[in-house]
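Protein chains in written order, with the numbering used here: chain A, 83 to 533; chain B, 83 to 533; chain C, 83 to 533; chain D, 83 to 533. A short worksheet on the structure shown next.
Number of protein chains: 4
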Amino acid sequence: VTELADALFVDPAMARIWSAEQSVRCMLAFEAALAHAEAQAGILPLAAAEAISAACEQDHFDAPSLFREAAISGTPVIPLIRMLEDRVAGGASGYVHYGATSQDVLDTALALQMREGIDLLVGRTFALAATCAKLAEQHRQTLMVGRTLLQQAAPITFGLKAARWLSLALRQTRRLRELREGISVVQFGGATGTLAALGGAGPQVTELLATQLGLAVPDLPWHAERDRVAAVATGLGIVAAAAAKIAQDIVLLAQTEIGEVSEARAEGKGVSSALPQKRNPVDAIAVRAAAQLAIGSVPAALGAMIQEHERAAGAWQAEWALLPDLFRFTSGALNRLVAAVEGLEIHPDRMRDNLEHFGGLALSEALAMALTPGMGRHEAQRAAREIANRAAATGVNLREAAMHDKRVRRALPPNAIDQIFDPVNYLGSTDLYIDRALEDFRTLRSKMVTL
Amino acid sequence: VTELADALFVDPAMARIWSAEQSVRCMLAFEAALAHAEAQAGILPLAAAEAISAACEQDHFDAPSLFREAAISGTPVIPLIRMLEDRVAGGASGYVHYGATSQDVLDTALALQMREGIDLLVGRTFALAATCAKLAEQHRQTLMVGRTLLQQAAPITFGLKAARWLSLALRQTRRLRELREGISVVQFGGATGTLAALGGAGPQVTELLATQLGLAVPDLPWHAERDRVAAVATGLGIVAAAAAKIAQDIVLLAQTEIGEVSEARAEGKGVSSALPQKRNPVDAIAVRAAAQLAIGSVPAALGAMIQEHERAAGAWQAEWALLPDLFRFTSGALNRLVAAVEGLEIHPDRMRDNLEHFGGLALSEALAMALTPGMGRHEAQRAAREIANRAAATGVNLREAAMHDKRVRRALPPNAIDQIFDPVNYLGSTDLYIDRALEDFRTLRSKMVTL
Amino acid sequence: VTELADALFVDPAMARIWSAEQSVRCMLAFEAALAHAEAQAGILPLAAAEAISAACEQDHFDAPSLFREAAISGTPVIPLIRMLEDRVAGGASGYVHYGATSQDVLDTALALQMREGIDLLVGRTFALAATCAKLAEQHRQTLMVGRTLLQQAAPITFGLKAARWLSLALRQTRRLRELREGISVVQFGGATGTLAALGGAGPQVTELLATQLGLAVPDLPWHAERDRVAAVATGLGIVAAAAAKIAQDIVLLAQTEIGEVSEARAEGKGVSSALPQKRNPVDAIAVRAAAQLAIGSVPAALGAMIQEHERAAGAWQAEWALLPDLFRFTSGALNRLVAAVEGLEIHPDRMRDNLEHFGGLALSEALAMALTPGMGRHEAQRAAREIANRAAATGVNLREAAMHDKRVRRALPPNAIDQIFDPVNYLGSTDLYIDRALEDFRTLRSKMVTL
Amino acid sequence: VTELADALFVDPAMARIWSAEQSVRCMLAFEAALAHAEAQAGILPLAAAEAISAACEQDHFDAPSLFREAAISGTPVIPLIRMLEDRVAGGASGYVHYGATSQDVLDTALALQMREGIDLLVGRTFALAATCAKLAEQHRQTLMVGRTLLQQAAPITFGLKAARWLSLALRQTRRLRELREGISVVQFGGATGTLAALGGAGPQVTELLATQLGLAVPDLPWHAERDRVAAVATGLGIVAAAAAKIAQDIVLLAQTEIGEVSEARAEGKGVSSALPQKRNPVDAIAVRAAAQLAIGSVPAALGAMIQEHERAAGAWQAEWALLPDLFRFTSGALNRLVAAVEGLEIHPDRMRDNLEHFGGLALSEALAMALTPGMGRHEAQRAAREIANRAAATGVNLREAAMHDKRVRRALPPNAIDQIFDPVNYLGSTDLYIDRALEDFRTLRSKMVTL
């Protein structure tokens, strides 16, 4: 990722979680916890554990040079341990990394970083939900046209659209909380996943190590069976795609000719280097780009599951680049989306205009349903279609065209026609759906608070 | 998919679930259930519902011609309803598809097919687990070398490898059961997701409809928010990749020079058109190909989440091809994998040979650990590395090289050396891990039975 | 691919090229040509070649049962050769497939099918070009607004848009013609790519075989180095994405609120099961779906390049499904796109309306450029931006707002203002670009004819 | 990309080409060349062009703060122009970026960077070719076994394998040179691709601008038709996959049990944190990981072709991250591969051992071919298969088993049997193929020199 992409598509808070410093800190957290666990299990002298733990102060570690050496050894753990041993005085240095293998360090550090990353994403999706909830409530009755296949279909309210976004955001919050559960597991298996170097003490050390790090103990080491990691990767892909869906709605609603929403104004935002009148959406476009970049990392994450024997020769290593990117872009997409939705200017007048301007054709289903009791669905659909076509062809409003249709006049009293063509009367379960989404939001909010 | 790919990579039972006939059957199940639900809610006369339901006999429907017409209308629901109306005598025809939209039919039918497909996959992954469980038990003590980065590392047993496959398979069974839960929801929203055509009766009809079909009622219609579908798609991608991991292990173990497993013999299986001696793996290779094809469908499924407004103009329609393929290839991969693992010939002698033949180098960690108490980890590692290098350079066995090393003789009594170089003594928690996986298998088996 | 997806997204002519029958025919073409080549080279008796060639009559072959057997042997070549040998009377049967290996048959058949498939695609892209050329000429002066980031930007003509589509289509035609060149090569290497079974006659037989099939001779056999195949796959991905770009423009222009184009009307086309007024785009949507499905096959095709040693264990076999799909969906996308563009109804009045309706803001760059000579680019941009903002805020037309601006009146005479706000005067090189695209079309057309 | 991935999988020389500094430098090169071109065309005073050009000294520009501002404006061109204007004294500032739009700057800068990037890759692939050529020549006669489906098949030489790598590398060099041609085009279209702001001078300025930058002039601006960019992206994907194929061969040949190659030794290279005996391949594994990361960017690049109208709202912007990554990982893969191949230790003794150790079964085709003249292909294949099976079952060598077979003794004189079982006699066209690849190398080398 270049600096430009970093600035536009990445969440700085997430970038910190996957920074070199934080990666080293997590690896050292493993080494420190391991030493303590082994001391508790009687494998190391307590003093050695203390010495190792004291040396695991990230400030001493030069991450860039460590990573440069990693290019030679093929893993950053080799130089890390060498540096750590150098820092541990005397005999204790022999107890560094005792019984562990590189992958134990890297995968457990990965689990810690993924957990931290997911926590951030939970916050981001919930902030999105909160913003959508506000819109759903405020615009519960703001009429607009629903569009299918990008054609006007029938009335909805903007509150319902926001409620659908809300519901989508809430499901992502829940999805992330479940993923957090699944990935909060220690990896500790030694060279080939048997913990042979610890003799019979493996399980006990694993328990103590996991407790130290606040992680769960898996049934078996998972070095070469990476469905847990892939579940996180694909889950983030879904979250990113959900963000892109909302962003796409915004971009489409913001089209000059539709003009139902605009992004918040800000000095220098969305201006053009050529066009004086331009006020481009910026955040929603960044969401779409970041989401595409996130989604693009998913297939490689699935491919990375196909590991050879007890450790992969390439697939595992690819994770070191793709997982951080996936987290950074997903979070970047959410971050920009929260900004976009929070600042969104809603234009109810344009919504109403668009609903009515195009001949009121979006109420032709309402007309057909009103005619159905009298003439059967078949005839009613045919009549409505003919009236709609006539309206479109002659440029008159659907309502007017309907009033001039004999079948309609025969079937319906004039005041019924007024009723039909008031979109407020054709909203079905809109209100109920908004209520449900808001109720779900409140439920999750109370859970989040007590967490 | 061509006929060749169908024959090689697709599970016939899964192909039936996604056949034209079954698709039409599921769509008609929706229409029949809808009519009944609406009759119960007092919207239709009961007789009309009965007439519609009677007409929903798939045998009358010519799926191929229906799909040909779909190319013109853009959806198979338009010709389906026309055909259905033709079949419903008299006035009842006006009640066909009452208040619903095409997407309601297609998405609910999709949910039914996905549920059925997942049930089949649950069976397939559990059959895989059962087979792996047998191997884990039988080969609990069958020594082999563990390999990391495709290099010999340290001893394991084949039972442990099978236990890891087992644990992976069990997690996939559970994953699928959760996905089943998530996707067993009705889609019913009418033209734009408000159920306006049903006035206030929408929620009640939705409940009745869902009950008829054995599906759950979602908070809101989900036509344009397809994270549920994407979760199934990515979940299947993970299942397919899990299958590919196991298949890859088999292919690698079956290499002529390693020769630790072979696929079951069968007349004409794995022969070559040029090479008389060949006995190629066939099933495991088909697994790898099918899994790649399944994984390849995942990104498009994520992309399909990015739907415009209330119904997408392309992304949704792409699902009609990619979801069936994803199910068929994933199931194909599992099907062939079950065959491969069930018929697997294990060659314990070759496993033992490979463990010993290469100088016993796979026990150098054991040597290092044995030396550690006496000389510290640092010196012990260095000594073991030097001895291993000497052994490799001079072509003698590691054990012999160790016995000739002064440091070793000083540090360890001769009988300790015997102990070190018996791989049985360097298996750590192998047994425990096998027990845990088997225990997990029995737990899930009892749940599956009571289901 | 299900029957539904077949009907909607696949080109029937392309489906025939990849049918079971055609696959078998191409494999038999290889075997017949090989026999003749070997007879010419003195390896077989001429009579044997004649007997084999006579037996290579596809009508005798039961493709479905052949493919079923392929599931056991892992390749369709084993049963094919057995069937072929059965059909060849007497001693000649011993000369069937002499010196060849399965992959020679399958890859050469693949080359033949890809060549045929590319020929079809060349025709499809050129038909698209021809249709776009007509539109570019007809609508050379049909004013519309250009849109960047989905915001109105500055005027263009629909002819220019069509010329850009044309230019894109022409480049794809050329791309396909180059791909045809690259893939029209025989694969013939025997068991491991040395042609050892033919002793020293390998190169001569290769030449004769290639001549028989109208293919070129590659430097080396390419069984395990599949960049040629990947180039075709990625090239088709580009062609499909190009189709999707044009289809997306159509879908966006067809939005109810924009209404600048509609797809051709046809009985039952684009109707809705719920909405009487609907006239959905159908073809362009099918293009988008088919293109996504095609693009989705590309990564697996790249992955398939990573083959083990002299023949891959999975990656190669996956090609058997993904390449046919890639061809079928790409051709399906083009096929539907040609239909969409050919039948496209253009609405110049709506184009003009949209250009003017939104306050004429799309001419603010024209205003800024007109002011630049007098006040410098900086001031001119600022003035134009302020006037545009004022116009937008007060709801007056940009022209009117400009006429009331002191700076403008000072800088420009009234008739200059008329000039500025006539979009015809702000089309720059539009005409030239249309000419260039049409000239390029005529150049390629003359080449295509002489081909 | 994290620092770790940067260190392991990225080519530093390529990272420089896509650095913030270099991006800004290329954008400023556009602005300077534009000013000169417009001065030559009489649009700007020459003094203004000189002033602008003088200001385009990258040293003055603070890339990081520029990119931070880009997050607000949505493009780095807005702040860049503002900074540039600030630096240009007096009235000339009004001529900065005259008649251009952001995308002109970004896309032309992209073309310049891609050209530079491709030049580097051409060098990398050719260096790979040169190294492979050396191996092909040196190991022309180094016998090894060819492997299909990871099973021993028939003899080849390591020189042939290297010749196939060479041929693959040469094709990639040529591919890159063609891509260079295709992407070396200026983008200059103004706000909507008409160059309206330049009146009639657009084409002339375009010519002059292109000449300044050493780029070609495209028929039409290509802002929204990005097949040229996608061709580069997919081309790089092919190059990366080609690298991965070679790396995979190396990793497989380096397996402990096969041991036919090892990577060069270096202090600290390929050691394990747990296993003293380990000497892991490092470079080839990095190639595989980097190639997967590169390939993973391809689908998003194809998706980025699907741009809305005259400029995309997300797809284009995603290119800013994915193209640099694609170049960096592809080059990283090649860089590490050149290191791996250059340092490769070849073990001819292990190759010979593997060819013979497994019963000489790899010569069963040779046996079958030798028997064919006497007993027909059918019988010969059957006899060879039976003998091979007997050899495998009884553990005797194929040669010995053959000598004890009556049919063989009847058909062949004893000295013929010696001939058959000497693999040197079963290499077919191996030598010729090596010659061809080397000849092709020399041809391209002479072209590269004269370039």
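The beta carbon of each residue, even a glycine, is placed where N, CA and C say it ideally should be.
Item to check | beta strand (DSSP E) segment containing A:Pro237, residue limits | outcome: Gln233 to Thr239
Item to check | Residue burial classification, A:Asp500 (beta-carbon count within 10 angstroms, cutoff 16) | outcome: exposed
Next on the checklist: If you reduce the DSSP assignment to three classes, tell me which class B:Gln170 lands in.
Outcome noted: For the sequence presented, residue 170 of chain B should be read as Val rather than Gln. Coil at B:Val170, not helix or strand.
Checklist entry - Can a CB atom of chain F be found closer than 8 Å to the CB of B:Asn362? => result The structure shown contains no chain F; its protein chains are A, B, C and D.
Next on the checklist: Against chain D, with Cβ distances strictly below 8 Å, would B:Leu86 count as a contact?
Outcome noted: no
Checklist entry - Cβ of C:Glu482 less than 8 Å from any chain A Cβ? => result Taking a beta-carbon distance threshold of 8 Å, C:Glu482 does not count as an interface residue toward chain A.
Checklist entry - How many Å lie between B:Ala212 and B:Ala324 at the Cα? => result Distance between the alpha carbons of B:Ala212 and B:Ala324: 16 Å.
Checklist entry - List, in order along the chain, the chain D residues whose C-beta lies closer than 8 Å to that of C:Pro285? => result Correct list: Ser511 and Leu514.
Checklist entry - Going along the stretch 83 to 113 of chain A in order, which residues come within less than 7 Å of chain D, judged by CB to CB distance? => result Val83, Thr84, Glu85, Leu86, Ala87, Ala89, Leu90, Phe91, Trp100, Ala102 and Ser105
Checklist entry - Given that B:Pro406 touches chain D, what residues does it touch there, using C-beta distances under 7 Å? => result The contacting residues do not exist; B:Pro406 stays about 21 Å from chain D at best.
Next on the checklist: List, in chain order, every chain A residue whose beta-carbon is nearer than 7 Å to that of D:Lys351.
Outcome noted: Ile154 and Ser155
Item to check | Within the stretch 254 to 320 of chain A, ranges of the alpha helix (DSSP H) (whole runs, at least 4 residues) | outcome: Segments of the alpha helix (DSSP H) lying fully in the stretch 254 to 320 of chain A: 284 to 295.
Next on the checklist: Using a Cβ-Cβ cutoff of less than 7 Å, which residues in the same chain neighbour B:Ile516 once the five nearest sequence positions on both sides are dropped?
Outcome noted: Ala218, Arg222, Gly241, Leu242 and Ala245
Next on the checklist: Quick check on A:Leu252: does DSSP put it in helix, strand or coil?
Outcome noted: In the structure shown, A:Leu252 sits in a helix (DSSP, three-state: H, G or I).
Item to check | Cutoff 8 Å; reference A:Leu384; Cβ partners in own chain excluding five residues on either side | outcome: Ala312, Ala315 and Thr316
Checklist entry - Which bits of chain B does D:Ala356 rub up against, with CB to CB less than 7 Å? => result Glu447
Checklist entry - Using a C-beta to C-beta distance shorter than 8 Å, which residues of chain C count as neighbours of A:Pro381? => result Think of a sphere of 8 Å around the beta carbon of A:Pro381: the chain C residues whose beta carbon falls inside it are Pro381, in chain order.
Checklist entry - So which residues of chain C does A:Phe440 contact, with C-beta pairs closer than 9 Å? => result Thr338, Glu339 and Gly341
Item to check | Simplified DSSP assignment, three categories, for A:Arg229 | outcome: If DSSP states are grouped into helix, strand and coil, A:Arg229 belongs with the strands.
Item to check | Short Cβ contact (8 Å threshold) for A:Asn479 with A:Ala473 | outcome: yes
Next on the checklist: So, does the stretch 372 to 389 of chain C touch the stretch 179 to 191 of chain C, judging by three or more C-beta pairs under 8 Å?
Outcome noted: no
Checklist entry - How big is the Cα-Cα spacing for B:Ile340 and B:Arg229? => result 12 Å
Next on the checklist: Check whether the stretch 366 to 375 of chain C and the stretch 391 to 402 of chain B touch, using three or more Cβ-Cβ pairs below 8 Å as the test.
Outcome noted: yes
Checklist entry - Along chain D, in chain order, which residues have C-beta atoms closer than 7 Å to that of A:Ala324? => result Neighbours of A:Ala324 on chain D: none; closest Cβ ~15 Å, over 7 Å.
Checklist entry - What span of residues does the alpha helix (DSSP H) with C:Asn507 cover, start to end? => result C:Asn507 -> no alpha helix (DSSP H), and no H or E assigned at all.
Item to check | Residues that DSSP places opposite B:Val343 in a beta bridge | outcome: B:Ile428
Item to check | Own chain residues within Cβ distance below 8 Å of D:Leu128, not counting five before or after | outcome: Excluding residues within five positions, the ones whose Cβ falls inside 8 Å are Ala121.
Next on the checklist: Would D:Val506 and D:Leu453 qualify as a contact pair, given that the criterion is a beta-carbon distance under 8 Å?
Outcome noted: no
Checklist entry - Roughly how many angstroms lie between the CA atoms of D:Ala152 and B:Ala114, to the nearest whole one? => result 56 Å
Next on the checklist: Judging by CA-CA distance, which residue of A:Phe270, A:Arg310, A:Ala251 and A:Pro303 is the nearest neighbour of A:Ile320?
Outcome noted: A:Ala251
Checklist entry - Thinking C-beta only, is D:Ala484 closer than 8 Å to D:Leu443? => result no
Checklist entry - Residue ranges of each alpha helix (DSSP H) run of no fewer than 4 residues wholly in the stretch 398 to 464 of chain C, ordered along the chain? => result 430 to 439
Next on the checklist: Assuming the contact rule is C-beta atoms closer than 8 Å, C:Ala322 and C:Ala415 should be a hit. Round their C-beta distance to whole Å, please.
Outcome noted: 5 Å
Checklist entry - Can you list, in chain order, the residues of its chain whose CB lies under 6 Å from that of A:Glu447, leaving out five sequence neighbours each side? => result Take A:Glu447, set aside five residues on each side of it, and the residues of its chain with a beta-carbon closer than 6 Å to its own are Ala236, in chain order.
Checklist entry - Should the stretch 355 to 362 of chain C be called in touch with the stretch 354 to 374 of chain D, which here means at least 3 C-beta pairs below 8 Å? => result no
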